[in-house]
Structures are given as C-alpha cells and as structure tokens.
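J.: Numbering (the working numbering), first residue to last: 1 to 453.
Right, I'll just put the structure down here and ask away after.
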C-alpha cells in the first residue's frame with residue numbers, strides 16, 4: 001500500500017509539473033505580443049527566451065501531447081484579440097481588403113492613388129501607417145480573400161480579429177495533416193510540438209498575422225495528398241498555398257523532374273486549371289509593369305537581416321565605395337534557382353515523401369541563406385520541414401532570428417550589424433558542432449572533384 005500511495009503521489013507531482021509548464025508557456029508566449037511591440041525589444045527578448053526554454057522543457061518532459069496541443073490552442077485563441085505589435089503589415093492587409101470589398105481590384109493601383117477615390121476608412125491617417133505607400137501590392141489572390149473576408153466585418157480591429165480567426169482555423173486543419181505525415185513517416189507525433197508550440201510560429205502567425213502559417217498549413221495538406229496518390233487534391237492545395245504566398249513555387253522542380261510521368265500529367269494540368277481560376281485577378285498585376293517593379297524592389301532595394309548577402313555587400317562596398325545590391329541581389333537569386341534545379345535534377349533522383357522533405361528543407365534553407373531580406377516570419381517554413389527530419393538548426397534559428405527585432409528599437413531605425421553577426425555566428429557555430437563530420441565529407445568531395453587537380 002505505501003508503494004501505491006507513493007506512486008499516486010508521484011503521478012500527482014508529474015501532473016502538477018505539466019500544468020505549471022503549460023500555464024507558464026501560455027503566459028510567456030502571449031505576453032510577448034500583449035505587452036510589447038517593435039520598440040520594446042530589450043524587454044520582450046527575455047520573455048521570448050523564457051517561452052523557448054519552456055518549449056524545450058515541455059518537449060522533453062513527457063507531458064501528454066493533448067495538454068501541449070491545448071496550450072498551443074489557448075495561446076492562439078488569446079492572441080486572436082491582441083492587435084499586432086511587432087509588424088505594421090496589418091495596415092496593408094486592411095487597405096487591400098477594403099479595396100476588394102469596395103469593388104476595386106487592389107492590383108495595379110498605388111495607395112497614393114487610392115486617396116483620390118475618397119473611400120471610407122482608407123484615409124490619410126491609415127495611409128501614413130502603411131510601410132508600402134509607394135509600392136503595388138504583391139499579395140496573391142487567396143491571401144487577398146482572407147483580407148476581404150475580414151474587412152466585411154467592419155473596421156480595422158474587428159477585421160483583424162476575423163482574419164486571425166480564419167488563420168487559426170487553417171492552422172488547426174494543418175496540424176491534423178502534420179500528424180498524418182508524421183504517422184506516414186513513422187515518426188513520433190510529439191515532433192509536431194516543435195512547430196505548433198514554437199514561440200516564433202505563434203507570435204508571427206497569430207500575434208502578428210503573418211500568413212506564412214497559412215501557406216505552410218495548405219502546403220502540408222498538399223504534400224500529404226500528393227504522396228498518398230491523390231494527385232488532383234494535392235495539386236489543388238498546392239495551388240491554393242501558392243495563392244497565399246508565391247514561395248511554394250520553389251518546390252515545383254522536384255515534381256517536374258521526379259514525379260512519375262502519368263501522375264505528372266494530371267498534376268500539371270490540375271495546377272494550370274486552378275491557377276487560371278484563382279489567379280485571374282493577379283494577371284492584371286503581372287500584365288503591367290507593376291509586378292516587375294515589385295519584384296525588382298525585392299531583389300535590388302530591400303535588405304534586412306541577411307546572411308551571405310551582407311558579406312558580399314561589405315566586400316563590394318570596400319572595393320567600390322557603394323552598395324552593390326543591384327548586382328548581388330539578382331545574382332544570389334539566380335544562384336538559388338540554379339541550386340534548386342541542380343538538386344531536383346541531381347543524381348539522387350529518388351521520389352518519396354522522405355526524399356521530398358529533405359529536398360524542400362535544403363532548397364528553402366539555401367533560399368534564406370542567400371536572400372537579401374530575412375524577416376523573422378520567413379523561418380516558419382524551415383521549422384515545419386525540420387519537424388519531419390532530425391535537423392534542428394531551424395529551431396535554433398527561430399530563436400535567434402528574434403534578435404533582428406532589435407533594429408526597430410532604435411529611433412530612427414538602425415540596423416545593428418553586431419547583433420546580426422551574433423545571430424548568424426551562433427547559427428554557424430551550431431552547424432559546425434552538429435554537422436562537422438558531414439562538412440568534412442563535403443569539403444573532401446569538393447577537393448577530389450576540383451577542376452584544378
């Protein structure tokens with residue numbers, strides 16, 4: 001009997017420990033967006049660090065999966081009612097949504113031109129909050145649909161709540177398919193916690209309303225159907241995912257080069273049909289110079305929290321005396337495309353779910369390491385792919401990337417490269433420590449295959 005009592009006591013202590021961890025996690029991750037904004041980095045970062053520590057403790061504690069999922073759900077539900085504090089993108093979302101519900105296409109018209117139309121609520125006050133006053137919108141049609149539905153329910157705050165509810169619902173559906181993919185790969189379902197409870201995913205998705213979490217949820221559904229031989233559904237959800245963000249276009253080479261011929265025909269035809277249906281408003285932007293202008297700005301003007309590009313920028317500035325982004329930006333973009341095509345059409349042309357996950361992780365990583373702009377929410381995609389592998393660098397990066405918010409704490413805005421160097425320095429150190437053996441093999445293969453030998 002004493003042993004039974006001792007067992008019951010231990011079980012109670014374990015449950016109490018799990019409850020404390022879950023409650024502490026909810027409080028910490030919600031507090032980031034509830035009490036802080038871009039200007040409060042030095043106050044927010046310690047809280048963000050605590051939430052990450054709690055994620056690790058929960059993941060390793062043996063806490064029941066259902067409890068951890070519940071903690072993630074509660075955190076998101078609370079944040080539905082918290083206005084974004086670390087990003088001002090919400091104002092453009094609302095701007096575009098109001099245009100759509102007013103019967104005006106958001107494509108091909110600048111915000112400054114909209115002011116002349118005297119649309120209620122799209123006034124000079126909102127215009128001054130836009131971070132893209134002189135840029136055409138580049139948000140794809142399905143993303144615009146989320147904006148428009150939110151704006152149907154009223155003013156800015158109410159529209160934001162509705163958009164967050166839609167994002168929350170999409171995330172829950174996506175989570176169910178993460179479970180299915182983990183089961184198919186015979187991996188632990190608890191791996192899903194690395195994504196669903198990741199503080200970056202929660203704060204950037206529900207907190208700041210960045211639609212990468214929607215894109216990933218839809219992409220997850222697509223991947224599951226494709227590798228369960230339901231090609232039409234897979235192609236449909238892939239097209240919808242691209243309709244949120246264009247980034248999933250990166251994975252198309254894998255299917256173009258590796259998918260069996262018969263499946264490939266159905267796959268491509270389905271994508272073409274649905275893309276024609278979903279993207280017809282987008283062609284207005286593509287058919288004019290506005291899309292090319294937006295694309296040009298991304299590669300030749302925007303720069304934030306970059307990795308390899310900043311090294312090239314420094315060298316170029318030392319040699320020429322000015323910023324060579326106009327050349328380095330497109331060059332690194334082209335390098336990413338060539339790497340992608342080489343990886344998709346390489347010697348190891350396997351076609352399986354596991355093979356695709358590794359391909360997507362490597363290609364997406366290459367894109368981010370070579371990009372001129374790496375906002376914190378860009379890392380969400382890498383976290384998703386890492387869930388299905390043994391790689392954990394994206395989990396570390398999702399913590400370190402928050403450091404980039406320090407730049408917004410300065411008035412006026414200033415990019416402190418010492419902090420950016422710290423972020424990437426720690427990430428590189430992690431790579432060296434964890435992948436030293438693979439790095440040696442890679443360098444040896446380069447040496448043996450060198451054209452100079």
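All residues carry an ideal CB built from backbone N, CA and C; glycine is no exception.
If you're wondering where the values come from, they're calculated on a predicted model, not measured in any experiment.
Between residue 446 and residue 43, what straight-line distance do the alpha-carbon atoms span, to the nearest angstrom?
T.: Low confidence applies here, because residue 446 scores a pLDDT of 49, under 50, leaving its location unreliable; read the following figure in that light. Straight-line Cα distance between these residues: approximately 46 Å.
J.: When you compare each of 412, 141, 411, 404 to residue 418 by their alpha carbons, which one comes out closest?
T.: Ranking the options by Cα distance to residue 418, first place goes to 404.
J.: According to the Cβ coordinates, are residue 22 and residue 67 closer than 9 Å?
T.: Contact flag set, yes.
J.: Distance check for residue 242 and residue 269, CA to CA, integer angstroms please.
T.: For residue 269 and residue 242, the distance between alpha carbons rounds to 16 Å.
J.: Check whether the segment 193-204 and the segment 153-167 are in contact - that is, three or more C-beta pairs closer than 8 Å.
T.: Flag = no, the segment 193-204 and the segment 153-167 do not touch.
J.: Could you tell me the distance, in whole angstroms, from the CA atom of residue 10 to the CA atom of residue 305?
T.: Cα-Cα distance, rounded: 47 Å.
J.: Short of 7 Å in beta carbon distance, which residues of its chain neighbour residue 343, apart from the five on each side in sequence? Order them along the chain.
T.: So the qualifying residues of the chain are 359, 362, 363.
J.: Please classify residue 400 as buried or exposed, where buried requires at least 16 other C-beta atoms within 10 Å of its C-beta.
T.: Its Cβ being crowded by 16 or more others within 10 Å, residue 400 is buried.
J.: Between which two residues does the alpha helix (DSSP H) holding residue 43 run?
T.: Residue 43 -> alpha helix (DSSP H) spans 41-61.
J.: The alpha helix (DSSP H) that contains residue 223, what's its start and end?
T.: Residue 223 -> alpha helix (DSSP H) spans 212-226.
J.: Sort out for me which residues DSSP pairs residue 373 with in a bridge.
T.: In DSSP, residue 373 forms a bridge with 304.
J.: At a threshold of 8 Å, does residue 55 count as lining the ligand FAD (C-beta to nearest heavy atom)?
T.: Absent from the structure shown: the ligand FAD. Ligands present: none.
J.: With 16 as the cutoff for other CB atoms within 10 Å, does residue 29 come out buried or exposed?
T.: Result: buried.
J.: Buried or exposed for residue 99, going by 16 or more other Cβ atoms inside 10 Å?
T.: Residue 99 should be labelled buried.
J.: Can you tell which of 375, 345, 355 has its C-alpha closest to the C-alpha of residue 385?
T.: Considering only alpha carbons, the answer is 355.
J.: Is it buried or exposed, residue 423, if we count other Cβ atoms within 10 angstroms and call 16 or more buried?
T.: Buried is the call here.
J.: Between the beta-carbon of residue 250 and the beta-carbon of residue 107, is there less than 9 Å?
T.: In this structure, residue 107 does not lie closer than 9 Å to residue 250 by Cβ.
J.: According to DSSP, is residue 412 part of a helix, a strand, or is it coil?
T.: Residue 412: coil per DSSP, three-state reduction.
J.: So, does the segment 298-317 touch the segment 225-238, judging by three or more C-beta pairs under 8 Å?
T.: Short answer: they don't touch.
J.: Could you give the C-beta distance for residue 351 and residue 258, rounded to a whole number, given that I count them as a contact under 8 Å?
T.: Yes, residue 351 and residue 258 are in contact; Cβ-Cβ is about 4 Å, under 8 Å.
J.: Taking only the alpha-carbon atoms, compute the straight-line gap between residue 209 and residue 81 and give it to the nearest angstrom.
T.: Cα to Cα, residue 209 sits roughly 11 Å from residue 81.
J.: In chain order, what residues of the same chain lie with their CB nearer than 8 Å to the CB of residue 173, ignoring the 5 residues before and after it?
T.: Here the set comprises 217, 221.
J.: Would you please state the rounded distance, in angstroms, between the beta carbons of residue 135 and residue 365? I believe it to be under 8 Å.
T.: Wrong, their Cβ atoms sit about 28 Å apart, outside the cutoff.
J.: Report back the beta-carbon spacing between residue 245 and residue 140 to the nearest angstrom; my notes put them in contact at under 8 Å.
T.: With 8 Å as the limit, residue 245 and residue 140 qualify as a contact, their Cβ atoms being about 7 Å apart.
J.: Do the CB positions of residue 408 and residue 41 come within less than 9 Å of each other?
T.: Cβ distance < 9 Å, so residue 408 and residue 41 count as in contact.
J.: Which stretch, first to last residue, makes up the alpha helix (DSSP H) that contains residue 141?
T.: Here the alpha helix (DSSP H) through residue 141 covers 141-151.
J.: Between the Cα of residue 171 and the Cα atoms of 215, 184, 301, which residue gives the shortest distance?
T.: Cα-wise, what sits closest to residue 171 is 215.
J.: Please report the residue range of the alpha helix (DSSP H) in which residue 263 lies.
T.: Element bounds for residue 263: 261-278.
J.: Hey, residue 176 and residue 65 are a contact pair by Cβ (cut 8 Å); roughly how many whole angstroms apart?
T.: Residue 176 to residue 65, Cβ: 13 Å. No contact.
J.: What residue from 163, 132, 314, 263 has the CA that sits closest to residue 144's CA?
T.: When each option's Cα is compared against that of residue 144, the closest is 163.
J.: Please report the distance separating the alpha-carbon of residue 150 from that of residue 167.
T.: Straight-line Cα distance between these residues: approximately 11 Å.
J.: With 16 other CB atoms within 10 Å as the buried threshold, where does residue 85 fall?
T.: Residue 85 should be labelled buried.
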